[in-house]
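For the sequence shown, our numbering gives the first residue as 7, with consecutive numbering after it. Ideal Cβ placement from N, Cα and C applies to all residues, glycine included.
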Amino acid sequence: MKQTRAMATLARSWRLLRSFRFEQTRPDIFYGGLASDTALLVDALCTDLGLSLSGARVLDVGGGPGYFAEAFAGRGARYFGIEPDAGEMSAAGIQLANAVRGDGTQLPFADSTFDVTYSSNVAEHIPHPWDMGEEMLRVTRPGGLVILSYTVWLGPFGGHETGLWEHYVGGAFARDRYTSRHGHPPKNVFGTSLFDVSARQGLDWATAHDALLTFPRYHPSWAWWVTRVPVLREFLTSNLVIVLRA
7 MKQTRAMATL
17 ARSWRLLRSF
27 RFEQTRPDIF
37 YGGLASDTAL
47 LVDALCTDLG
57 LSLSGARVLD
67 VGGGPGYFAE
77 AFAGRGARYF
87 GIEPDAGEMS
97 AAGIQLANAV
107 RGDGTQLPFA
117 DSTFDVTYSS
127 NVAEHIPHPW
137 DMGEEMLRVT
147 RPGGLVILSY
157 TVWLGPFGGH
167 ETGLWEHYVG
177 GAFARDRYTS
187 RHGHPPKNVF
197 GTSLFDVSAR
207 QGLDWATAHD
217 ALLTFPRYHP
227 SWAWWVTRVP
237 VLREFLTSNL
247 VIVLRA
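In structure tokens, the structure reads:
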């Protein structure tokens with residue numbers, strides 16, 4: 007995994023960490039940077055695993071308002087997106103020709119349609135994330151890649167905008183405290199649009215499908231070992247990446 011490890015530097019980790027504070031106030035900064043990083047990561051994984059992103063049919067499950075489309079097009083990919091929330095699809099005013107509204111756990115595509123299927127920061131927002139993972143495998147051609155990346159609940163950003171420590175007390179507590187402080191509920195409402203998905207759950211699913219690679223997305227490569235340590239990985243893995251061959 008030479009290319010993938012080479013991009014996982016401390017400078018990159020710091021750059022992404024600094025952008026997180028703009029998720030609610032300047033989504034163009036946060037999602038634009040995340041989109042560029044995601045396209046770079048997928049490109050590196052493809053290179054390491056003998057595939058090419060150029061010309062590949064790429065499905066983005068939960069692509070949101072379209073920031074990712076330009077990033078992938080810039081690397082020569084044929085981008086397709088699916089998003090369940092019509093409001094999210096139009097939030098940035100970006101027009102996408104190859105985007106549809108649909109459910110990630112029931113993808114409206116035929117078997118073996120895509121070369122690469124990925125999902126970035128979606129699994130923690132649905133009650134049955136591994137059903138989505140199975141669907142991602144179904145629509146990916148044999149030999150293609152499935153890349154599923156999600157925020158771990160007990161990691162430092164598990165509570166999303168509700169705070170850095172409140173979710174350790176409990177998801178309902180974090181939700182209610184945010185509502186009390188701001189006068190409105192958070193965008194990510196625990197129990198409705200935010201769930202406590204653990205690193206262990208993802209690693210168990212990855213093992214069941216003979217994953218090629220699992221690693222903490224926002225860590226420099228020298229810190230990837232944290233996913234191998236039970237309990238510790240739940241608190242130190244902010245985002246887990248699972249890479250499978252379909």
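Between glutamate 167 and asparagine 194, the beta carbon gap of about 6 angstroms places them in contact (Cβ cut-off 8 angstroms).
With contacts defined as CB atoms closer than 9 angstroms, glycine 149 and glycine 165 fail to qualify as a contacting pair. By the neighbour-count definition (other C-beta atoms within 10 Å, threshold 16), serine 126 is a buried residue. Residues of the same chain with a CB within less than 8 angstroms of the CB of tryptophan 20, apart from the 5 flanking positions on each side, do not exist. Look at leucine 154 here: in three-state DSSP terms it is strand. Around the CB of histidine 131, 16 or more other CB atoms lie within 10 Å, so the residue is classed as buried. When secondary structure is reduced to three states using DSSP, tyrosine 85 falls in the strand class. Spanning the alpha carbons of leucine 40 and proline 236 requires a straight line of approximately 28 angstroms.
Taking a cut-off of 8 angstroms for Cβ pairs, the stretch 107-120 and the stretch 138-148 touch, as three or more such pairs fall below it. Between the alpha carbons of phenylalanine 221 and histidine 188 lies a distance of about 35 angstroms. Sequence-distant Cβ neighbours of valine 64 in its own chain, meaning closer than 6 angstroms and more than five residues away, are Phe78, Ala83, Tyr85, Val122. In this structure, leucine 219 and valine 249 form a Cβ contact; the two beta carbons are roughly 4 angstroms apart against a cut-off of 8 angstroms. In the DSSP secondary-structure assignment, arginine 63 is bridged to Arg84.
Here the alpha carbons of leucine 16 and tyrosine 224 stand approximately 9 angstroms from one another. Taking each of Leu151, Thr243, Asp109, Ala180 in turn and checking the Cα distance to leucine 59, the smallest one comes out for Leu151.
The C-alpha of leucine 154 is placed about 10 angstroms away from the C-alpha of proline 135. Residue burial is scored here from C-beta neighbours: leucine 238 has fewer than 16 other C-beta atoms within 10 angstroms and is therefore classed as exposed. No residue range can be given for serine 204, since it is assigned to no alpha helix (DSSP H) and is classified by DSSP as neither H nor E. In this model, arginine 24 and alanine 252 are separated by some 34 angstroms (Cα to Cα). Proximity to glycine 80 across Ile88, Ala62, Glu89, Ser227 peaks at Ala62, based on C-alpha coordinates. Residue pairing by DSSP puts valine 122 in a beta bridge opposite Val64, Leu151. Excluding residues up to 5 positions away in sequence, Ile88, Pro114 lie with their Cβ nearer than 6 angstroms to the Cβ of glycine 108 in the same chain.
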